[in-house]
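As numbered in the working numbering, the sequence shown has no gaps in its residue numbers, which increase by one up to the final residue, 396.
Just so it is clear, CB atoms sit at the ideal spot from N, CA and C, and this is done for glycine as well.
Here is the structure we will look at.
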Amino acid sequence: MQNFTLKLPTEIVFGRAIEDQIGEKLGALGARRVMVHFGGSSARGSGLLGRVEESLGRAGLTFIELGGVSPNPKLSLVREGIEIAKREGVDFILAVGGGSVIDSAKGIGMGVATGRDPWEFACAGTAPDSTLPIGTVLTLAAAGSEMSNSCVLTNEETMEKRGITSQTNRPCISFLNPENTYTVSKFQTGCGVVDIMMHTFERYFMPGNADTDLTDRLAEGLLIAVRDAGRRAIANPRDYEARATLMWAGSLSHNNLTELGRVNKFFPVHKIEHEFSALHDEIAHGAGLSVLFPAWAKFVMPHDVNRFAQLANRVFGVEMDFDRPERTAAEGIETIKRFFEEIDMPVHMSQLGIVPGEYEKLAENAMHTVGGPVKSHIPLGKDELTQIFKLAE
4 MQNFTLKLPT
14 EIVFGRAIED
24 QIGEKLGALG
34 ARRVMVHFGG
44 SSARGSGLLG
54 RVEESLGRAG
64 LTFIELGGVS
74 PNPKLSLVRE
84 GIEIAKREGV
94 DFILAVGGGS
104 VIDSAKGIGM
114 GVATGRDPWE
124 FACAGTAPDS
134 TLPIGTVLTL
144 AAAGSEMSNS
154 CVLTNEETME
164 KRGITSQTNR
174 PCISFLNPEN
184 TYTVSKFQTG
194 CGVVDIMMHT
204 FERYFMPGNA
214 DTDLTDRLAE
224 GLLIAVRDAG
234 RRAIANPRDY
244 EARATLMWAG
254 SLSHNNLTEL
264 GRVNKFFPVH
274 KIEHEFSALH
284 DEIAHGAGLS
294 VLFPAWAKFV
304 MPHDVNRFAQ
314 LANRVFGVEM
324 DFDRPERTAA
334 EGIETIKRFF
344 EEIDMPVHMS
354 QLGIVPGEYE
364 KLAENAMHTV
374 GGPVKSHIPL
384 GKDELTQIFK
394 LAE
């Protein structure tokens with residue numbers, strides 16, 4: 004097990020009817036004028052936005068609204084939010100929504116606090132050193148942004164999607180009420196299940212690690228729970244325990260817990276998928292991941308056979324073939340692919356609307372974004388990425 008440092012400053016308020024506590028909690032954190040940031044009409048139509056703002060009012064906090072966040076959150080709205088927050092004297096940003104809303108709020112917070120355009124950090128690979136305080140009211144179990152140090156924004160002018168990683172990105176408080184996910188569609192629930200699993204897979208398959216049994220077991224238990232809860236939530240969207248499991252697993256999957264003691268966090272599948280949804284804005288992140296992961300896994304499995312076999316056996320119940328562990332590993336990958344199909348997630352490039360003529364551009368874009376081959380078990384250059392795309396056909 005390698006050395007590590009873990010600091011998780013996010014206060015989690017979890018359970019039913021917790022919206023009543025929002026105003027009091029934010030006031031105790033020093034908030035006085037809040038920007039309530041959200042997506043479309045569903046936040047208001049569900050009554051959630053009203054409950055949140057009523058709680059702010061009871062606590063004597065003033066607030067302004069900024070809606071309009073779309074999937075793959077746009078840099079243009081972040082820039083607009085920065086200017087509004089400065090003009091209105093905002094001292095706290097409260098994101099009401101899923102990962103896209105939260106990432107947009109993080110972009111606004113860092114822009115106001117640092118006086119710099121967030122895209123500068125994205126392009127330079129540098130980290131902001133300050134932010135406005137961020138809080139979240141989560142409505143979708145998926146991205147884990149409510150507790151993570153990451154933020155992903157899309158520049159619609161250049162058709163690029165880039166991440167910004169910084170400890171300052173972690174929200175100071177997040178309100179997690181599983182009932183707020185009851186109305187999430189079957190497709191978006193499936194996307195969330197995939198994203199949660201992928202945040203765990205990307206850490207589980209960090210190459211060059213050994214003797215991390217405790218961290219492995221944490222990840223494996225999380226994956227089993229998400230698999231089972233995902234099936235239940237899709238069958239019965241109002242299954243509170245299933246929704247609660249998914250919501251808490253989403254936070255744990257991306258707060259760094261399942262990587263402790265490990266090194267080489269490359270996140271290759273995420274980095275490749277970002278180019279899919281940058282080029283095709285209509286592609287949901289989880290859908291892109293469900294297509295890419297089995298193909299990537301098949302391609303790199305020969306370089307990490309024992310770990311792929313371990314996952315197949317411990318999480319998906321594939322019998323271990325000690326003489327030919329590659330058989331166990333390959334069957335595990337197929338089992339994951341079948342699970343994605345079971346929850347109606349795409350597993351072929353054609354289901355995303357991506358045609359072979361776009362493979363070269365996608366590969367070039369991925370390499371341009373990371374400044375060379377995508378780091379994985381082996382460097383993934385243009386030829387390797389194209390082979391992965393073909394495996395996903």
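G253 to L64, Cα distance in whole Å? Per the coordinates, the alpha-carbon of G253 lies some 30 Å from the alpha-carbon of L64.
What residue range is occupied by the uninterrupted beta strand (DSSP E) comprising F296? Where F296 is concerned, there is no enclosing beta strand (DSSP E), although the alpha helix (DSSP H) around it starts and stops at 288-303.
Measure the CB-CB distance between Y207 and R241 and report whether it falls below 8 Å. In this structure, R241 does not lie closer than 8 Å to Y207 by Cβ.
Using C-beta distances below 6 Å, list every residue in its chain close to L365, excluding the 5 sequence neighbours before and after it, in chain order. If you ignore the 5 residues before and after L365, its C-beta comes within less than 6 Å of the C-beta of E278, all in its own chain and listed in chain order.
Would you kindly work out how many angstroms separate the C-alpha atoms of W299 and I391, rounded to a whole number? Using only the alpha carbons, I get a separation of about 6 Å.
According to DSSP, residues forming a beta bridge with T168: Answer by DSSP bridge pairing, in chain order: S153.
Exposed or buried, what is L249 when buried is set at 16 or more other beta-carbons lying within 10 Å of its beta-carbon? With 16 or more neighbouring CB atoms inside 10 Å of its own CB, L249 falls in the buried class.
With distance defined between alpha-carbon atoms, name the residue in F325, A213, A144, G114 nearest to N267. The shortest Cα separation from N267 among F325, A213, A144, G114 belongs to A213.
Sub-8 Å separation of C154 and K109 beta-carbons: For the 8 Å CB-CB criterion, C154 and K109 form a contact.
Is there contact between the segment 138-155 and the segment 173-181, where contact requires at least three CB pairs shorter than 8 Å? Counting Cβ pairs under 8 Å, three or more are found: they touch.
Are the segment 345-357 and the segment 253-263 touching, with three or more C-beta to C-beta distances below 8 Å? Three or more beta-carbon pairs separated by less than 8 Å are not found between the segment 345-357 and the segment 253-263, which leaves the two stretches without contact.
Member of W251, V16, E123 whose CA lies at the smallest distance from the CA of A145: With distances taken between Cα atoms, A145 lies closest to W251.
In this structure, how does DSSP classify H40 when only helix, strand and coil are distinguished? Here H40 carries a strand assignment [DSSP, helix/strand/coil].
Provide the residue(s) that pair with G100 in DSSP beta bridges, ordered along the chain. G100 pairs with L141.
Does the beta-carbon distance from I237 to T192 come in below 8 Å? When the beta-carbon positions are compared, I237 and T192 come within less than 8 Å of each other.
Do you know offhand how far E337's Cα is from A312's? Going by the C-alpha atoms only, they are around 12 Å apart.
Can you name the residues that DSSP bridges to L249? Beta-bridge partners of L249 (DSSP): none assigned.
Would you list, in sequence order, the uninterrupted alpha helix (DSSP H) runs of no fewer than 4 residues that lie entirely inside the segment 49-102? As far as the segment 49-102 is concerned, its whole alpha helix (DSSP H) runs of at least 4 residues are 51-61, 78-91.
Going by C-alpha to C-alpha distance, which of T129, R165, P174, E163 sits closest to L135? L135 has its Cα closest to that of P174, out of T129, R165, P174, E163.
According to the Cβ coordinates, are L11 and M150 closer than 8 Å? Yes, the Cβ-Cβ distance between L11 and M150 is below 8 Å.
Within the same chain, show all residues whose beta-carbon is closer than 6 Å to that of T218, passing over the 5 residues directly before and after it, in chain order. Taking T218 as the centre and dropping the five residues before and after it, the same chain places the C-beta of L263, G264 closer than 6 Å to its C-beta, in chain order.
Residue ranges of each alpha helix (DSSP H) run of no fewer than 4 residues wholly in the segment 225-282, ordered along the chain? Runs of alpha helix (DSSP H) with 4 or more residues, each lying fully within the segment 225-282, are found at 243-256, 271-282, listed in chain order.
Please say whether I137 and I96 have beta carbons closer to each other than 8 Å? Judged by beta-carbon spacing, I137 lies within the 8 Å limit of I96, meaning their Cβ atoms are closer than that value.
For S148, the nearest candidate out of T161, S103, F190, T157 (CA to CA): For S148, the closest of T161, S103, F190, T157 by C-alpha to C-alpha distance is S103.
Can you tell which of P297, T157, H202 has the C-alpha that lies nearest to the C-alpha of A395? Ranking P297, T157, H202 by Cα distance to A395 puts P297 first.
Exposed or buried, which one is S44 when buried takes at least 16 other CB atoms within 10 Å? It counts as exposed.
Given F7, which residues of its chain have a CB within under 7 Å of its CB, disregarding the five upstream and five downstream residues? Short of 7 Å from the beta carbon of F7, and not among the five residues preceding or following it, lie these beta carbons of its own chain, in chain order: L263, G264.
Taking the beta strand (DSSP E) that L179 belongs to, which residues open and close that run? From DSSP, the beta strand (DSSP E) with L179 extends over 176-179.
To the nearest angstrom, how far is it from the Cα of V397 to the Cα of S353? Since the first residue of the chain shown is 4 and the last is 396, residue 397 is not available in this structure.
First through last residue of the alpha helix (DSSP H) which encompasses F325: No alpha helix (DSSP H) contains F325, which DSSP labels as neither H nor E.
Taking the continuous beta strand (DSSP E) assigned at E14, which residues delimit it? Counting along the chain, the beta strand (DSSP E) containing E14 begins and ends at 14-17.
Rounded C-alpha distance that separates S79 from G18: S79 and G18 have their C-alpha atoms roughly 34 Å apart.
Residues bridged to E163 (per DSSP): Its beta-bridge partners are N158.
With 16 other Cβ atoms within 10 Å as the buried cut-off, status of M4: Exposed.
Measure the alpha-carbon distance for V321 versus A232 and round it to whole angstroms. If you take the alpha carbons of V321 and A232, they lie about 20 Å apart.
Taking 8 Å as the limit between beta carbons, can you name the residues of its chain near E363, skipping five residues before and five after? So the qualifying residues of the chain are K385, T389.
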